[in-house]
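Asker: Starting off with a structure, shown below.
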């Protein structure tokens with residue numbers, strides 16, 4: 010009889026630990042999803058930053074060309 014009680018208590022302990030582990034796993038999965046979403050957000054920001062850098066370089070080059078044309082036309 011005592012062995013049965015020990016086994017039942019052990020089973021209850023294992024079930025409780027399993028429940029705790031399941032909760033921890035779910036929490037870690039939520040954290041992983043949040044990190045992935047932030048990563049995607051930062052990737053979009055970085056992509057947009059480089060697009061703006063390209064636009065700035067294009068605008069600077071166009072300005073140089075206009076200045077050069079102005080200098081050439083005034084000569």
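Residue numbers (our numbering): 10 to 84.
All C-beta atoms, glycine included, are put in the ideal place defined by N, C-alpha and C.
The structure presented is a predicted model; accordingly, all values stated were derived computationally and were not measured.
(1) Nearest-angstrom Cα distance between residue 48 and residue 38?
(2) Secondary structure at residue 42, three-state DSSP: helix, strand or coil?
(3) If we ignore side chains and look at the alpha-carbon of each, how far apart do residue 16 and residue 26 end up?
(4) To the nearest angstrom, how far is it from the Cα of residue 44 to the Cα of residue 57?
Answerer: Taking the coordinates as given:
(1) 15 Å
(2) helix
(3) 15 Å
(4) 20 Å
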